[in-house]
Amino acid sequence: MRTQDLDLHVEKDSKFFYEDRYSKGYMEEWPLEKKQRVFEVIKDLELPENGEALDFGCGNGVFTDVLRAALPQWKIYGSDISEVAIGNAIKRFPECAFFVKGDEQLRDKKFDFIFSHHVLEHVFDIEDVGKQLSRLAKEHAQMLHIFPCGNPGSYDYKICLLRRNGIDKTNGNRFFFEDEGHVRRMTTEECAGLFSQHQFELKKGYYSNQYYGSMNWITRSKPLFVLKTFNPLKANNITSGIQLAALSIKLFILTSLRFTTLQAERLSKIKERTGKQSLALWIFWLPSKIAKPVDVYIKTKAKQEWDQLKHQKNGSEMYLSFSR
Numbered sequence: 049m050r051t052q053d054l055d056l057h058v059e060k061d062s063k064f065f066y067e068d069r070y071s072k073g074y075m076e077e078w079p080l081e082k083k084q085r086v087f088e089v090i091k092d093l094e095l096p097e098n099g100e101a102l103d104f105g106c107g108n109g110v111f112t113d114v115l116r117a118a119l120p121q122w123k124i125y126g127s128d129i130s131e132v133a134i135g136n137a138i139k140r141f142p143e144c145a146f147f148v149k150g151d152e153q154l155r156d157k158k159f160d161f162i163f164s165h166h167v168l169e170h171v172f173d174i175e176d177v178g179k180q181l182s183r184l185a186k187e188h189a190q191m192l193h194i195f196p197c198g199n200p201g202s203y204d205y206k207i208c209l210l211r212r213n214g215i216d217k218t219n220g221n222r223f224f225f226e227d228e229g230h231v232r233r234m235t236t237e238e239c240a241g242l243f244s245q246h247q248f249e250l251k252k253g254y255y256s257n258q259y260y261g262s263m264n265w266i267t268r269s270k271p272l273f274v275l276k277t278f279n280p281l282k283a284n285n286i287t288s289g290i291q292l293a294a295l296s297i298k299l300f301i302l303t304s305l306r307f308t309t310l311q312a313e314r315l316s317k318i319k320e321r322t323g324k325q326s327l328a329l330w331i332f333w334l335p336s337k338i339a340k341p342v343d344v345y346i347k348t349k350a351k352q353e354w355d356q357l358k359h360q361k362n363g364s365e366m367y368l369s370f371s372r
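Residue numbers for the sequence shown follow this note's numbering, beginning at 49 and rising by one.
Below, the structure written as structure tokens:
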């Protein structure tokens with residue numbers, strides 16, 4: 049079955065889509081700075097010393113393990129629609145308990161804290177997920193959900209305004225560059241409204257990627273992605289086209305520089321390199337040393353932005369904490 053033939057609003061199709069993705073190494077790892085940020089937010093919630101937590105839609109278990117590190121005296125569980133992902137998680141993080149969605153062991157279980165990381169934009173039925181989470185939560189439970197933000201004002205949002213059909217209002221308000229697995233992009237108010245139906249109240253909101261955070265993820269992408277994303281031929285008008293062309297040149301240069309650093313770092317971590325990999329490392333080594341200050345600068349500015357602006361709602365990623 050081809051991806052373009054799937055309807056990700058249908059559970060069967062969605063399951064097939066993600067089984068295929070996880071079998072090909074989907075989301076095997078995340079940058080260290082992202083894991084540290086999630087750890088920081090969990091600690092800031094001042095959760096009880098003991099309890100049971102569920103990573104809903106845990107994938108390969110990367111952030112389930114972050115939960116375990118942030119809540120060392122808690123029992124940590126992870127669940128996912130993908131059997132492949134759960135198999136990977138069980139092998140990688142044996143300190144946590146993992147289950148495929150619908151497992152009998154989770155049928156009547158309730159949790160003190162429910163966490164999700166980039167799940168709500170993927171689920172095929174958001175109203176049903178709201179009900180599921182409500183059933184899984186204890187009477188006075190807390191939740192933290194991390195996912196793309198549709199609030200106005202972020203760097204990503206402003207880029208979308210330069211493009212024709214940059215925000216698809218007929219398809220969940222998705223931004224034009226969204227991952228193909230995304231079926232929606234919600235605002236803070238939309239998410240708060242969803243969970244208020246189940247007596248959950250928004251307590252804290254954290255936001256990243258107002259500007260430098262977006263620069264960080266964009267320039268960690270492949271250079272061709274930048275050229276496609278900032279294509280001036282897709283602009284709303286001539287003025288927007290000029291802006292996109294200028295952004296394309298600037299970000300292409302930055303992305304190309306960071307690409308050498310990222311490739312050199314990736315290759316250097318391989319213990320037993322092939323001849324081809326060794327040659328590639330040799331080719332990338334010198335350019336990566338020249339480009340390293342650019343990489344460090346963008347990461348540093350993104351970290352400073354998070355520290356100073358994390359409660360300003362004009363980010364392109366949000367961390368919303370709820371309690372009832």
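Virtual Cβ for every residue (Gly too), placed ideally from N, Cα, C.
No experiment lies behind these values; they were computed from the predicted model shown.
Exposure label - W122; buried when at least 16 CB within 10 Å: Under this definition W122 is a buried residue.
Measure the alpha-carbon distance for D176 versus L302 and round it to whole angstroms. The alpha-carbon atoms of D176 and L302 are separated by roughly 42 Å.
Which same chain residues end up closer than 7 Å to M49 when comparing Cβ atoms and leaving out the 5 residues on each side of it in sequence? Residue placement at M49 cannot be trusted, given a pLDDT of 48 that sits under 50; what the coordinates show is reported in the next sentence. The answer, listed in chain order, is F64.
Among F300, M191 and N219, the one whose alpha carbon lies nearest that of F248: Relative to the Cα of F248, the nearest Cα in the group F300, M191 and N219 belongs to M191.
Identify, in the order they occur along the chain, each residue of the same chain with its Cβ nearer than 7 Å to the Cβ of L357, setting aside the five sequence neighbours on each side. Apart from the 5 residues on each side of it in sequence, L357 sits with its Cβ closer than 7 Å to the Cβ of Q258 in its chain, given in chain order.
Would A137 and G126 qualify as a contact pair, given that the criterion is a beta-carbon distance under 8 Å? A distance below 8 Å separates the beta carbons of A137 and G126.
Run the CB neighbour count on S369, radius 10 Å, all protein chains shown included, and call it buried at 16 or more, exposed below. S369 counts as buried, since no fewer than 16 other beta carbons sit within 10 angstroms of its beta carbon.
Could you give the C-beta distance for A339 and R306, rounded to a whole number, given that I count them as a contact under 8 Å? Contact flag correct, Cβ pair sits at about 6 Å.
Determine the direct distance from the alpha carbon of F225 to that of T236, and round the result to whole angstroms. Distance between the alpha carbons of T236 and F225: 20 Å.
Which partner residues of P196 appear in the DSSP bridge assignment? Per DSSP, E365.
Alpha carbon to alpha carbon, how far is L119 from L93? Give it in angstroms, no decimals. Separation of L93 and L119 (C-alpha to C-alpha, rounded to the nearest whole angstrom) is 11 Å.
Quick check on the burial criterion: 16 or more other C-beta atoms within 10 angstroms. Buried or exposed for H170? It counts as buried.
Do the region 352–366 and the region 258–273 touch if we need at least three Cβ pairs shorter than 8 Å? Here the region 352–366 lies against the region 258–273, with 3 or more beta-carbon pairs under 8 Å apart.
How would you write the range of the alpha helix (DSSP H) that G323 sits in, first residue to last? G323 to L357 is the span of the alpha helix (DSSP H), which, as asked, contains G323.
Have a look at W333 and R321 and give me their C-alpha separation to the nearest angstrom. C-alpha separation (whole angstroms): 15 Å.
V58: which of G229, F159, A185 and D103 sits nearest, CA to CA? Each of G229, F159, A185 and D103 was checked against the Cα of V58, and the nearest Cα belongs to G229.
Exposed or buried, Y66, counting other C-beta atoms within 10 Å across all chains shown (16 or more means buried)? Buried, since its Cβ has 16 or more Cβ neighbours within 10 Å.
Selection from A101, K60 and I286 that minimises the alpha carbon distance to S164: From the listed residues A101, K60 and I286, the smallest Cα separation to S164 is found for A101.
What's the gap between the Cα of P142 and the Cα of F111? Computed Cα separation, rounded: 14 Å.
Whose C-alpha, out of I297, I331, L299 and F300, is nearest the C-alpha of E313? When C-alpha distances from E313 are compared across I297, I331, L299 and F300, the shortest belongs to I331.
Own chain, CB closer than 7 Å to F278, minus 5 neighbours either side, in chain order: The beta carbon of F278 sits closer than 7 Å to the beta carbons of L292, L295, S296 and L299 from its chain, once the five residues preceding and following it are set aside; these are given in chain order.
With a CB to CB cut of under 7 Å and the five nearest residues on each side skipped, what residues in its chain are close to L250? Cβ neighbours of L250 beyond the five flanking positions: A240, L368 and F370.
Can you tell me whether M49 is helix, strand or coil according to DSSP? Legend: pLDDT at M49 = 48, less than 50; position of this residue unreliable, value from coordinates given subsequently. Residue state, collapsed to three classes: coil.
Helix, strand or coil at G178 [DSSP, three-state]: The DSSP-derived three-state label of G178 is helix.
Tell me which residues share the same chain as E353 and place their Cβ nearer than 7 Å to its Cβ, disregarding the 5 neighbours each side in the sequence. Counting only Cβ-Cβ distances below 7 Å, and skipping sequence neighbours, we find Q258, Y259, Y260 and G261.
Whole angstroms is fine: what's the gap from S130's alpha carbon to R212's? Rounded to whole angstroms, S130 to R212 spans 35 Å at the Cα level.
Quick one: what's got a C-beta closer than 6 Å to T309's C-beta in the same chain, skipping five residues either side? A distance below 6 Å between beta-carbons, with the five flanking residues on each side excluded, links T309 to the following residues of its chain, in chain order: S336, A339, K340 and D343.
Just to confirm, is the Cβ distance from Y255 to C208 under 8 Å? Note that the C-beta distance between Y255 and C208 is not below 8 Å.
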